[in-house]
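Enquirer: Dumping the structure here so I can ask a few things about it.
Numbering (our numbering), first residue to last: 2 to 92.
So this is what it looks like as structure tokens:
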């Protein structure tokens, strides 16, 4: 990931005192999301998932990253996890 990150969205998480941030590098079209607790500490950050050159989910759209963050923070299923299950099942 680049060191040139920008926060594109910062919104209250539904039904909690947490905050959702979507951040990334628009020039290189990669985005991640994180959920911050009331003190500003990250409780989940997709940019820290994985390892090596595949660190993070590397979304190509800030809005899709925001959608996933809203779903996860609302206790709905994680669309990324569902897609990985579908791929593994060969569907």
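From the three backbone atoms N, C-alpha and C, an ideal C-beta is built for every residue, glycine too.
#1: Name the two residues that bound the continuous alpha helix (DSSP H) containing residue 80.
#2: How far does the alpha helix (DSSP H) with residue 14 in it extend, from its first residue to its last?
#3: Which residues share a DSSP beta bridge with residue 35?
#4: Given the structure, does residue 49 come close to the ligand ATP, in the sense that its CB is under 8 Å from one of the ligand's heavy atoms?
#5: To the nearest angstrom, how far is it from the Cα of residue 57 to the Cα of residue 32?
#6: Looking at residue 49: is its Cβ nearer than 9 Å to the Cβ of residue 60?
#7: Run the CB neighbour count on residue 70, radius 10 Å, all protein chains shown included, and call it buried at 16 or more, exposed below.
#8: Please determine, among 18, 72, 38 and 23, the residue with the shortest C-alpha to C-alpha distance to residue 10.
Expert: Taking the geometry as given:
#1: 80-89
#2: Residue 14 -> no alpha helix (DSSP H), and no H or E assigned at all.
#3: 22 and 46
#4: In the structure on display, the ligand ATP does not appear, and there are no ligands present to speak of.
#5: 9 Å
#6: no
#7: buried
#8: 23
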